[in-house]
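I have placed the structure first, in the form of structure tokens, so that the comments after it can refer back to it.
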Amino acid sequence: MKTVRLPSGENVPALGMGTWQMGDAPGARQEEVATLRLGLDLGARLIDTAEMYGQGQAEQLVGEALKGRRDEAFLVSKVLPSNASRPGVLAACERSLRRLQTDRLDLYLLHWRGAVPLAETMAAFVELQRAGKIRHYGVSNLDLAAMQEAASLPGGQAIATDQLLYHLSRRDIEWDLLPWLRQHRLPVMAYSPLAQARLVEDSKLTSFSRRHGLTPAQAALAWLLAKDDIIVIPKTGRRQRLKENLGALDHPLTNAQLSELDRLFPPPSRPRSLEML
Ligand code: NAP
């Protein structure tokens with residue numbers, strides 16, 4: 653498995669697994685758990701979840717999938733902005749740990765910025781890290797100005813990542829945020845890398861994929877995997893699709909293919925405010 657280096661020097665899988673909407677449909681649960689376990693077998697050891705997903709149901713499902721296998725996974729969860737005060741973060745983390753049936757998170761993120769000052773959330777993250785409840789911490793959906801502010805706070809230098817909406821048809825972060833993160837050696841976790849399955853149906857991408865002998869999902873993921881500092885977290889609750897998605901690693905794109913994708917899905921030509929889901 654290709655890896656991406658966190659600022660701490662630890663390497664994590666470049667292709668992990670998202671879990672938004674897992675646990676929502678009782679009939680799909682068994683296959684979703686089996687998919688996460690297959691992902692561990694196949695090296696997609698990074699699992700991204702959040703207290704928000706299904707109001708804790710996704711974390712519960714992840715806990716079930718990790719039974720007896722916790723040490724194999726790099727486990728990421730997120731705290732809601734409404735819980736981002738010092739006592740709120742400490743309590744939310746305990747609840748997540750309980751649902752996930754574990755004693756520590758590998759990475760804990762602020763899901764997006766809310767009303768609580770970033771300084772207070774950072775201080776709570778530092779406290780949790782000292783207590784051994786989280787190994788690393790970071791943020792999500794922070795734009796350039798918020799990232800600059802967060803990095804300047806006590807504890808801000810240890811931020812491990814900014815998890816951001818990033819896929820072929822949403823490349824806005826390339827304007828200024830991604831260059832700044834690169835300058836500070838901060839990897840990005842690219843969420844919704846398939847544009848929530850819209851890219852799989854995109855006529856430009858389906859025709860590109862047909863011409864180059866890979867599936868549209870593989871093309872979308874391979875485009876992100878071509879960058880050394882992007883962790884990609886597609887979600888699927890189906891084992892067959894997981895195998896297909898992991899196949900992106902077997903199809904590294906050539907410079908000519910990357911240029912073709914640049915023509916089909918152009919990079920930004922002006923700044924735009926950060927989009928999030
Ligand atoms: P995504 O990964 O772009 O797409 C997921 C959708 O694509 C699901 O409907 C899935 O359906 C389908 N899919 C997956 N592989 C496929 C394939 N090979 N062929 C056809 N369809 C396929 O969207 P996402 O779930 O929004 O993003 C990924 C993860 O990022 C989330 O699960 C979550 O962990 C994280 N995220 C974070 C934030 C944030 O604010 N930080 C926001 C959004 C998402 P099936 O499951 O039925 O296969």
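Residues 653 to 929 (this note's numbering) are what the sequence shown spells out, left to right. For glycine and all other residues, C-beta sits at the position ideal for the given N, C-alpha and C. Just so it is clear, the structure is predicted and the values come from calculations on it, not from any experiment.
Look at residue i and residue j and say whether their C-beta atoms are less than 9 Å apart.
i	j	result
Phe-726	Gly-670	no
Ala-900	Leu-866	yes
Val-731	Gly-720	no
His-819	Asn-793	no
Arg-722	Asp-824	no
Gly-790	Leu-761	yes
Leu-770	Ala-798	yes
Ala-776	Leu-742	yes
His-788	Ala-812	yes
Val-768	Ala-802	no
Glu-927	Arg-822	yes
Pro-868	Val-852	yes
Arg-738	Glu-703	no
Ala-871	Ala-847	no
Gln-673	Gly-708	no
Gln-800	Trp-832	yes
Does the distance between the C-beta of residue i and the nearest non-hydrogen atom of the ligand FAD fall short of 8 Å?
i	result
Leu-929	No copy of the ligand FAD appears in this structure; the ligands present are the ligand NAP.
Who are the Cβ neighbours of residue i in its own chain at under 7 Å, not counting the five residues just before and after it?
i	result
Leu-898	Leu-667, Leu-694 and Ala-696
Leu-681	In the sequence on display, residue 681 carries Arg and not Leu. Excluding positions up to five away in sequence, the list reads Gly-675 and Leu-713.
Gln-909	His-864
Gly-766	Pro-733, Ser-734 and Ala-736
Glu-724	Leu-692 and Arg-697
Pro-659	Ala-812, Arg-837 and Leu-838
Note down, in chain order, each residue of its chain lying with its Cβ closer than 6 Å to the Cβ of residue i, except the 5 sequence neighbours on either side.
i	result
Leu-876	Ala-842, Pro-845, Ile-882 and Val-884
Ala-931	Look at the range of the chain in this structure, 653 to 929, and you will see that residue 931 is not part of it.
Ala-874	Ala-900, His-903 and Leu-905
Arg-657	Asn-663
Cys-745	Leu-780 and Lys-785
Thr-701	Thr-671, Ala-710, Glu-711, Val-714 and Ser-729
Phe-917	Leu-820 and Ser-821
Return the bridge partner residues of residue i from the DSSP annotation.
i	result
Pro-665	Thr-655
Val-840	Asp-814 and Ile-882
Gly-670	Asp-700
Return the chain-ordered list of same chain residues with a C-beta closer than 8 Å to the C-beta of residue i, the five sequence neighbours on each side being excluded.
i	result
Asp-828	Leu-796 and Pro-923
Glu-912	Phe-860
Glu-683	Gly-889, Arg-890 and Arg-891
Does any residue of chain C have a CB that is nearer than 9 Å to the CB of residue i?
i	result
Ala-783	Absent here is chain C; the protein component of the structure consists of one chain.
At which residue ranges does the stretch 759-829 contain complete beta strand (DSSP E) runs of 3 or more residues, listed in the order of the chain? Taking only runs of at least 3 residues, the beta strand (DSSP E) segments lying wholly in the stretch 759-829 are 786-792 and 814-817.
Every unbroken alpha helix (DSSP H) within the stretch 686-765, with a cutoff of 4 residues, ordered by chain: Under the rule that a run must span 4 or more residues, the alpha helix (DSSP H) segments found entirely inside the stretch 686-765 read 709-717 and 738-752.
Any chance you could list the alpha helix (DSSP H) runs of at least 4 consecutive residues sitting entirely within the stretch 849-909, in chain order? 850-853, 855-864, 868-877 and 891-898, all fully within the stretch 849-909.
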